[in-house]
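As they're listed, the protein sequences go chains A and B.
Our numbering applies: residue 82 is where the first sequence begins, and numbers increase by one.
Our numbering applies: residue 3 is where the second sequence begins, and numbers increase by one.
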Amino acid sequence: MAMAKIETEGIENLIRKLEKAGGDARQITVRLMTETAQEISQDTYKALQSQNLPRAGAYSTGKTLASVLTDPQARWEGDTAWTPIGFDFSKPGAGGFLISGTPRMAPDQELRKMYKMKKYMNEKSKNMMEELWQELHKELGGAG
Amino acid sequence: MKEQLIAILKTYGYPVSLQGSYAPTEKYPDAFFTFWNGSTDDAEHFNNGPAAFRWEFDVNFYATDPQLVNDTILSVREKLIENGWIVQGKGFDVPVDEPTHTGRGLEVLFREKK
């Protein structure tokens with residue numbers, strides 16, 4: 082499945098300080114990252130509801146919808162937090178086809194923008210990091 | 003820029019067409035290109051207007067021979083770079099809806115001055 086990873090570079094010190102002070106930076110990170118992954122799932126569902134899907138939406142029901150991650154959960158692995166996003170490609174569905182298209186089917190523009198072009202995911206990541214920074218900072222009482 | 007891209011791809015001697023333009027029951031050639039122009043954004047502005055454009059394309063190559071797919075996409079990458087295109091990486095696998103074929107794609111950009 083397509084996976085997003087949060088980069089802890091730049092905020093590692095903040096996380097360490099908060100953990101030293103007894104706060105739970107990791108839990109805050111997981112919560113915000115999970116919320117972001119769930120927003121991405123919601124945007125994906127919206128794109129799959131569109132009447133403008135290629136081939137008159139023939140791929141928008143059943144298996145494709147069922148392959149969208151309904152409850153993505155972020156987790157830590159060592160010093161890196163990550164979350165699965167979007168489609169579970171281990172399930173049958175046409176998510177991959179909709180993103181890249183096939184010679185018989187144009188790509189879905191909305192899904193292509195979300196999963197192939199960098200702007201959407203960069204914005205999601207940036208917003209999440211800003212919110213994380215603010216929350217961590219607030220937990221530390223504005224210090225650090 | 004679309005015309006230039008198509009002209010470059012046609013030098014390989016395989017059919018070149020827009021992604022999605024094959025009919026539902028149309029048989030695929032043994033080897034062929036498709037392309038898709040995802041966006042043409044303003045790249046810079048001058049005097050309240052665009053001074054350059056950023057063209058973004060997917061270029062896909064499908065074939066019944068996986069080695070041909072790998073080799074051709076790498077060759078296309080070099081040729082596009084020689085012609086002033088920006089190519090991100092060395093390509094990626096693309097899903098194909100026929101078990102007889104495999105495919106690889108490139109994300110390619112061109113900065114066109116107005």
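C-beta: ideal position from N, C-alpha, C; glycine also.
The structure displayed is predicted, hence computed values, not measured ones.
Excluding the five sequence neighbours on either side, which residues of its own chain have a C-beta within less than 8 Å of the C-beta of B/T102, listed in chain order?
So the qualifying residues of the chain are Y30 and T66.
Do B/V71 and B/F37 have their CB atoms nearer than 8 Å?
Cβ distance not < 8 Å, so B/V71 and B/F37 don't count as in contact.
What in chain A is Cβ-close to B/T36, meaning under 9 Å?
Near B/T36 (Cβ distances below 9 Å), the residues of chain A are G182, T183 and P184.
For a test of the three-state rule: what should DSSP assign to B/F63, helix, strand or coil?
The answer is strand: DSSP assigns B/F63 an E or B state.
Among residues of its own chain, excluding the 5 on either side of B/R79, which ones have a beta-carbon nearer than 8 Å to its beta-carbon?
These residues qualify, in order along the chain: V89, K92, G93 and L108.
Below 8 Å between beta carbons is the criterion; list the residues of the region 18–33 of chain B that meet it against any residue of chain A, in chain order.
Going along the region 18–33 of chain B in chain order, one finds S19, L20, Q21, G22, S23, Y24, A25, P26, E28 and Y30 with a Cβ nearer than 8 Å to chain A.
May I ask you to report which of helix, strand or coil DSSP gives A/K219?
Of the three classes helix, strand and coil, the one that applies to A/K219 here is helix, per DSSP.
Is B/D44 a contact residue of the ligand ATP, with contact defined as CB to any heavy atom under 7 Å?
The ligand ATP is absent from the structure shown, which contains no ligands of any kind.
Please name the residue in B/A53, B/S23 and B/A33 whose C-alpha comes closest to that of A/P184.
The option with the nearest alpha carbon to A/P184 is B/S23.
Compare the C-beta of B/D67 against all C-beta atoms of chain A and say whether one is closer than 8 Å.
It does not: the Cβ of B/D67 has no partner Cβ on chain A nearer than 8 Å.
What's the gap between the Cα of A/G159 and the Cα of B/K81?
In a straight line, the C-alpha of A/G159 is about 42 Å away from that of B/K81.
Near B/A9, which residues of its chain fall below 7 Å by C-beta distance, leaving aside the five closest residues on each side in sequence?
No residues qualify anywhere along the chain.
Measure the CB-CB distance between A/A155 and A/M114 and report whether it falls below 8 Å.
Closer than 8 Å, so yes.
Applying the 10 Å Cβ sphere with the 16-neighbour rule, what's the burial state of A/A128?
Result: buried.
Per DSSP, B/I88 forms a beta bridge with which residues?
Beta-bridge pairing links B/I88 to B/L111.
State the start and end residues of the unbroken beta strand (DSSP E) segment that holds A/R156.
Taken as a continuous stretch (DSSP letters only), the beta strand (DSSP E) holding A/R156 covers R156 to E158.
Interface residues of chain A around B/D44 at Cβ under 9 Å?
What B/D44 touches in chain A: nothing, since even the nearest Cβ is about 14 Å away.
Opposite A/F178 in the DSSP bridges: which residues?
BP columns for A/F178 are empty, so no partner.
Checking 8 Å against the spacing of the C-beta atoms, do A/L150 and A/P165 come in under that value?
For A/L150 and A/P165, yes; Cβs fall inside 8 Å.
To the nearest angstrom, report how far apart A/G222 and B/Q69 are at their CA atoms.
Whole-angstrom Cα-Cα distance: 59 Å.
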